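Data block below; observations after.
Number of protein chains: 2
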Amino acid sequence: MKRERERINIDKIEALKELELFKELKEEELKNIEKFFVVKKFKKGEYIFYEGDKEPGIYFVIDGIVKLIKETNEGKTVILRLATKGESFGWLVMKDNRPPVNTYTAQALIDTTVLYISNQDFLKLLLMYPALAVKITCELTKNILEAYDRLKSLAVEKVEGRIATLILELVDKIGKKEGDHVVINAPITRQDIAEMAGTTVETAIRVISRWKKEGILDTERGKIEIFDIDYLQDLIS
Amino acid sequence: MKRERERINIDKIEALKELELFKELKEEELKNIEKFFVVKKFKKGEYIFYEGDKEPGIYFVIDGIVKLIKETNEGKTVILRLATKGESFGWLVMKDNRPPVNTYTAQALIDTTVLYISNQDFLKLLLMYPALAVKITCELTKNILEAYDRLKSLAVEKVEGRIATLILELVDKIGKKEGDHVVINAPITRQDIAEMAGTTVETAIRVISRWKKEGILDTERGKIEIFDIDYLQDLIS
């Protein structure tokens, strides 16, 4: 049993080392803080937390992709963001500083491993290492700016522009260059694309099919290959 | 001259005291940090910074309302958020942690006074007072959740729902109860409403006019009066 626990501890430290936020902490400091974190694994499709849940905390993606979504009363889904390896999601509150009632739901898009830290422990951690607080402030700012880009895209782009914005966001986050094209290795469905671009599945299928015919991109078995990034960039206003 | 400067100093400390972020600092500490802040005044319509500007920093609204907007290549405008009294806007960067190239433009919607602090000084401040960093982390989280609410609204709501969401957001932020109705005291035009709800001015006019006829709300000389909040709430899915 002791052996088993040790193994998990070492894994957590290795995982923390991979995260931008903790890059500057020394081995000794990482050993000090790893007790605050819990490794959680989720299968494709499993929910990590639900909109309306009351237990705040922060999650760091060690491996996998997480969909952050909101659902409407009529059961429509909106994908707010895909959190990928190295990114964080979740939310924090201070006493007397509660966030809006509704937050969002987090669901594993593929098999995913996260490091979880509770609200209380994370606030402790920030006070112990002020430099972390400064870094997380910059990270949250990036999340805000990303949300603003999506807001602009949803507000003014035509559907082709919205889908192009989304694919370029994925290229940016998890795209891998392979020869003359870029590959997004993730089982992202047309349904997912529709939910992120604020359109219907039918429209998403129509747009993607046309791009396939025109050689802009190709989709197969859990990946999207993009051959003409410039074409997609030109669609965005 | 000395007298004048003292007066401005005292003003800054009073202004800082009004901000949630600095509520727990002692008089002595406020005197210590007020040198980092600059009071800036903007007339209605004046720009505070532009999308693409490279000087990061944080602005606190002391008085007034600021529109945070993005413009498209075709000159369309999207309002991302209205920052009201007590709220902050702007952005921070760390070395090697640059945000996406594009940020946004900030414009005074009415005569506005802000306290400005540069990126560098704000990072210093956070390291001096770690508790501030924790608080700003929660504040930024609130901004993210607010942006996600807008994303959902833009992605799935019909235009009536989007305009209702927006008016309720304004009620929440700057609404004042007057007898049996709520008043938003701000010169928000139908153009502004259209830009925030992702629709055309014509549509915004049509929706607002119908609501006026039905007695849901009334608009006149720089204010919006809402008589039937429940009706607007029911429009949101």
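Chains as they are written, first to last, in my numbering: chain A, 1 to 237; chain B, 1001 to 1237. Idealized CB from N, CA, C, for every residue including glycine. Because the structure is a prediction, the values reported are computed rather than measured.
- Residue A/V66 holds the alpha-carbon nearest to the alpha-carbon of A/T84 among A/V66, A/E55, A/K76.
- In the DSSP assignment, A/G90 falls within the beta strand (DSSP E) that extends over 88 to 91.
- For A/T203, the uninterrupted alpha helix (DSSP H) segment begins and ends at 201 to 213.
- Contact check between the segment 121 to 129 of chain A and the segment 1045 to 1057 of chain B: fewer than three CB pairs, one atom from each, fall below 8 Å, which does not count as touching.
- Within chain A, the residues placing a beta-carbon under 9 Å from that of B/T1103 are L145, Y148, ordered along the chain.
- Each residue's CA atom was taken as its position, placing A/L168 and B/D1180 some 49 Å apart.
- Collapsing the DSSP output to three states places B/A1083 in a strand.
- For the options A/E160, A/V183, A/I229, A/D63, the alpha carbon positioned closest to that of A/K12 is the one of A/D63.
- DSSP lists B/V1183 as the beta-bridge partner residues of B/K1176.
- DSSP places A/L132 inside the alpha helix (DSSP H), whose first and last residues are 130 to 156.
- Ranked by Cα distance from B/L1109, the options B/I1069, B/T1141, B/G1161, B/L1140 are led by B/I1069.
- With respect to the 7 Å criterion, B/I1163 and B/V1207 are classified as neighbours on the basis of their beta carbons.
- By the criterion of at least three beta-carbon pairs nearer than 8 Å, the segment 135 to 146 of chain A is in contact with the segment 1138 to 1147 of chain B.
- According to the DSSP secondary-structure assignment, B/S1118 is paired through a beta bridge with B/G1057.
- Here the alpha carbon of A/N119 sits roughly 8 Å from the alpha carbon of A/W91.
- Residues of the segment 109 to 128 of chain A with a Cβ closer than 7 Å to any Cβ of chain B, in chain order: L123, L126, L127.
- Beta-bridge pairing by DSSP links A/T105 to A/I69.
- Chain-order list of chain B residues neighbouring A/P130: L1126, L1127, P1130, A1133, by C-beta distance under 8 Å.
- Assignment of B/Y1231 by DSSP, reduced to helix, strand and coil, places it in the helix class.
- Per DSSP, reduced to three states, the secondary structure at B/I1163 is helical.
- Under the Cβ criterion of 7 Å, B/G1161 is not counted among the residues facing chain A.
- In the DSSP assignment, B/L1030 falls within the unbroken alpha helix (DSSP H) covering 1027 to 1033.
- Around the beta carbon of B/R1221, a 10 Å sphere encloses fewer than 16 other beta carbons of the protein chains shown; the residue is thus reported as exposed.
- At least one beta carbon of chain A lies nearer than 7 Å to the beta carbon of B/I1136.
- Separation of A/L125 and B/I1079 (C-alpha to C-alpha, rounded to the nearest whole angstrom) is 36 Å.
- Here A/D234 is exposed. Its C-beta has fewer than 16 other C-beta atoms within 10 Å.
- Taking a beta-carbon distance threshold of 7 Å, A/G198 counts as an interface residue toward chain B.
- Remark: C-beta atoms of B/L1154 and A/L154 approach each other more closely than 7 Å.
- In the DSSP assignment, B/I1193 falls within the unbroken alpha helix (DSSP H) covering 1190 to 1197.
- B/I1013 sits in a helix when the DSSP states are folded into three classes.
- Within a 10 Å sphere around the beta-carbon of A/G215 sit fewer than 16 other beta-carbons, which makes this residue exposed.
- Interface with chain B (7 Å Cβ-Cβ cutoff): A/T72 is included.
- Here B/F1049 carries a strand assignment [DSSP, helix/strand/coil].
- Around the beta carbon of B/T1103, 16 or more other beta carbons lie within 10 angstroms, which makes this residue buried.
- Leaving aside the five residues that flank B/A1197 on each side, the residues in its chain whose CB is nearer than 6 Å to its CB run, in chain order, R1162, I1163, L1166.
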